[in-house]
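Asker: Residue numbers (my numbering): 626 to 1463.
Here a beta-carbon is modelled for each residue, glycine too, at the ideal position from N, C-alpha and C.
Because the structure is a prediction, the values reported are computed rather than measured.
This is the structure we're talking about:
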């Protein structure tokens, strides 16, 4: 049975996949489902059985990375046509729907829409398909069973590749005037007596794909009485277009107009109740409205509803100002409990001067790393150092205009009594760290590599514990203390030197003169670029690249994730991008050297008596910058050894990667034979997944913050959350810190993460929330860089200056105000970004 009617009694999971079986079930129950038919898994299996195609697919997915395997399988499918007999059956079934009816062609895998897991979005769909395009759409759906994402998802969920097959659902395309999704239980709270409805204009792809902020309605079920309603600013809608769909702006009169009236909400709530009753569990439903008729396009169980979770939220402890800038760039993810416990050790040793008894200087808010700036502001005020608060901006970026920083509820006398003894202790620590720094940095890489190797090959749990206590933890602490010394040497020299040079040479020449920190010794922020250049030139081999540079990456603090040095495919992708670069990296370095030499020449002509002294001062600047970067790099290398330790602990205890959901102290307890911490793994994993599913939180948070409620708010701000209810206006313009001088006009490419870096074409302007060293290989392709987060001493600023690329950082709103494909002008000297007329 290669073709079945949509409501056929035999349409089950094995024959029509999860989506098809669900639609058939609803159609048989009399729910309003668009007409259509199934191309069954028998048709798929017959297709891949021809000419050894299935064997070639299994060979690819078992011997290649998901990305390579996906490309290989796509080539295999593209080179084959559907059998003529099947094509005839598909066309006959399509003709039975009407005269060349436009259809939606949707993949339906045998391992999707299950109660235990949801494979939503893993395979492809094609809309507005007609006539001769239908067989090809079926073939492309089949090929999408083998996308990199689908392959990786099956691996992570333990689904064998040779167990899956793909059916295809072909349904009449609903020419919807409105559409959306609904949940028959609140996916955030688990409440089972409410329906949560998202609605927007046009077809549903803009809602499902997240391109639009829809209306959000919470109503009782089944009566449909509205409990809460938020009207979204619906800027874009998906509409039919020849051969598919397209996005177009929502007419101004509809943007803030509710999509659903009360009667329509009640009808949807009644449909939702019928669907939940049919399945006996909470459901995630896609719906569409054509005129006044509602149709159900898909329904799947809500996975992992109402699991027990923990609260990871230090913002609830008091009225403080938290920021994710600076170190938040290096730790951009939701942290596993293991990583958070190690980060706390790191902060305790590398930022000991920031301690204030009774108050948290760093916090975990919804799994993400934040610094408590209320501590710094309170100490500065108490010590009469308010004028130096400007230095905080250089590190953590500007606070939103008009924002009042809450101070700690503690007396000035208590702060002074706490800080003065600490200052003496810190001074001694920094002095000791400075003395150890040259020797440590000279041997750190070799010592760390040896520790990583020994951790990976420890024969027993006792041997692993002994290694931690006697060598690995002491080395980690030493690396952190050296980093603290490197960061504090020179006092405020990094800030004051720049300001002094601005006055003498002007911003453009000053920034050129401040570059070159890597000329006498490699600057760690540029290490990945330099290493890739050396690898491409044949100066080093892959093993050497992985050893020297493979510890730095986008998620370098998160020990549960592999390093670039562990991923040959990452290296391949970067080499391919570098090859397409056409030597631009070397050209940028050369241009920057020329600009620096010219700036020094002008300075010497203008200030002949100050040139020598200024060179000495900037040499000191370069030493400080280089030491800061190198020491931080060695701390990150230590995190690679810590990852090896946890992986080996998982192997020796038989608990594998579950250990990443325990703290390092709990892992040590498990290694010593105490299995009680393992009972926490399930709740911790659920908590991690709950927070990881949310968008990144605001850069600045004041007071108690609920990540789940914030994420559900269609009017949420990404720059600021203030629990005090004070309204700080959102800037209509895009301005920030002058990160690197220069003026460039070009196409804005808004990139969410480095994994999407292939979208950035040479000469385009990179616009993103933040960057860290994992983004560095992308910089040579960019004409300029614009970030939401950042400051003059942030990653984007440092790398852009060294490459001579204009940059504006710390705008707070660039990704919200700039659209992908906008033509913009970036002025890195004034810190402005202007959208140009088309």
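In or out: residue 1112 buried (at least 16 other Cβ within 10 Å) or exposed?
Answerer: buried
Asker: Please list the terminal residues of the continuous alpha helix (DSSP H) segment that includes residue 663.
Answerer: Residue 663 -> not in any alpha helix (DSSP H); beta strand (DSSP E) instead, spanning 661-664.
Asker: List the endpoints of the continuous alpha helix (DSSP H) containing residue 640.
Answerer: 638-653
Asker: From 844, 872 and 795, pick the residue whose C-alpha is nearest to that of residue 832; which is it?
Answerer: 872
Asker: Which term fits residue 796, buried or exposed, when burial requires 16 or more other beta carbons within 10 angstroms of its beta carbon?
Answerer: So residue 796 counts as buried.
Asker: Output the boundary residues of the beta strand (DSSP E) element that contains residue 616.
Answerer: Shown here, the chain extends from 626 to 1463; a query on residue 616 therefore has no answer.
Asker: Fully enclosed by the region 1153-1191, which alpha helix (DSSP H) runs are 4 residues long or longer?
Answerer: DSSP runs (the alpha helix (DSSP H)) wholly in the region 1153-1191: 1167-1174.
Asker: So which of 941, 1427 and 1367 has the shortest CA-CA distance to residue 1212?
Answerer: 1427
Asker: Output needed for residue 870: all residues of its chain with C-beta closer than 7 angstroms, excluding positions within five of it in sequence on either side, in chain order.
Answerer: Within its own chain, the residues whose Cβ lies closer than 7 angstroms to the Cβ of residue 870, once the five positions on either side in sequence are excluded, are 752, 753, 828, 830, 863 and 864, listed in chain order.
Asker: Alpha carbon to alpha carbon, how far is residue 1262 from residue 1092? Give it in angstroms, no decimals.
Answerer: 17 angstroms
Asker: Taking contact to mean at least 3 C-beta pairs separated by less than 8 angstroms, is the region 1150-1158 in contact with the region 1269-1284?
Answerer: no
Asker: Sort out for me which residues DSSP pairs residue 995 with in a bridge.
Answerer: 988
Asker: Grab me the residues of residue 885's own chain with a C-beta within less than 6 angstroms of its C-beta, minus the 5 sequence neighbours each way, in chain order.
Answerer: 824
Asker: Going by other Cβ atoms of all chains shown within 10 Å of its Cβ, with 16 needed for buried, is residue 659 buried or exposed?
Answerer: By the 10 Å Cβ count, residue 659 comes out buried.
Asker: What are the start and end residues of the alpha helix (DSSP H) that includes residue 1247?
Answerer: 1236-1278
Asker: Do residue 653 and residue 632 come within 8 angstroms of each other at the CB atom, strictly closer than that value?
Answerer: yes
Asker: Check whether the Cβ atoms of residue 1243 and residue 1138 sit closer than 8 angstroms, and answer yes or no.
Answerer: yes
Asker: Between which residues of its own chain and residue 1203 is the CB-CB distance below 6 angstroms, once the five residues before and five after are set aside?
Answerer: Correct list, in chain order: 1157 and 1161.
Asker: Provide the residue span of the alpha helix (DSSP H) that contains residue 1398, from first to last.
Answerer: No alpha helix (DSSP H) contains residue 1398, which DSSP labels as neither H nor E.
Asker: So does the region 1031-1042 actually touch the region 1055-1074, counting three or more Cβ pairs closer than 8 angstroms?
Answerer: no
Asker: Residue 946 bridges to which residues according to DSSP?
Answerer: 1327
Asker: I need the DSSP call for residue 796, collapsed to helix, strand or coil.
Answerer: strand
Asker: By alpha-carbon positions, which one of 1414, 804, 867 and 857 ends up nearest to residue 756?
Answerer: In terms of Cα proximity to residue 756, the closest of 1414, 804, 867 and 857 is 867.
Asker: Considering residue 1434, what are the terminal residues of the beta strand (DSSP E) in which it resides?
Answerer: 1432-1434
Asker: Could you have a look at residue 678 and say whether DSSP puts it in helix, strand or coil?
Answerer: In the structure shown, residue 678 sits in a helix (DSSP, three-state: H, G or I).
Asker: Buried or exposed: where does residue 728 fall if 16 or more other Cβ atoms within 10 Å of its Cβ makes it buried?
Answerer: buried
Asker: Between residue 903 and residue 651, is the Cβ-Cβ spacing less than 8 angstroms?
Answerer: yes
Asker: Jot down the residue ranges of each uninterrupted alpha helix (DSSP H) in the region 1079-1148, minimum 4 residues, whole runs only, in chain order.
Answerer: 1086-1092, 1098-1113, 1118-1130 and 1132-1138
Asker: Around the C-beta of residue 806, are 16 or more other C-beta atoms found within 10 angstroms, so that it is buried, or is it exposed?
Answerer: buried
Asker: Anyone know if the C-beta pair for residue 897 and residue 794 falls short of 8 angstroms?
Answerer: no
Asker: Mapping DSSP to helix, strand and coil, what is residue 1454?
Answerer: coil
Asker: Decide if residue 1390 is buried, meaning its Cβ has at least 16 other Cβ atoms within 10 Å, or exposed.
Answerer: buried
Asker: Could you check whether residue 1003 and residue 1269 sit closer than 8 angstroms to each other, using their CB atoms as the reference points?
Answerer: No, they are not a contact pair.
Asker: I'd like to confirm the pairing. Which residues does DSSP put opposite residue 620 in its beta bridges?
Answerer: Limits of the chain in this structure are 626 at one end and 1463 at the other, which puts residue 620 out of reach.
Asker: Less than 8 angstroms separating the beta-carbons of residue 1373 and residue 1284?
Answerer: Note that the C-beta distance between residue 1373 and residue 1284 is not below 8 angstroms.
Asker: Can you grab the Cα-Cα spacing for the pair residue 739 / residue 822, in whole Å?
Answerer: Because residue 739 carries a pLDDT of 41, less than 50, the predicted location of this residue cannot be relied on, and no value is offered for it.
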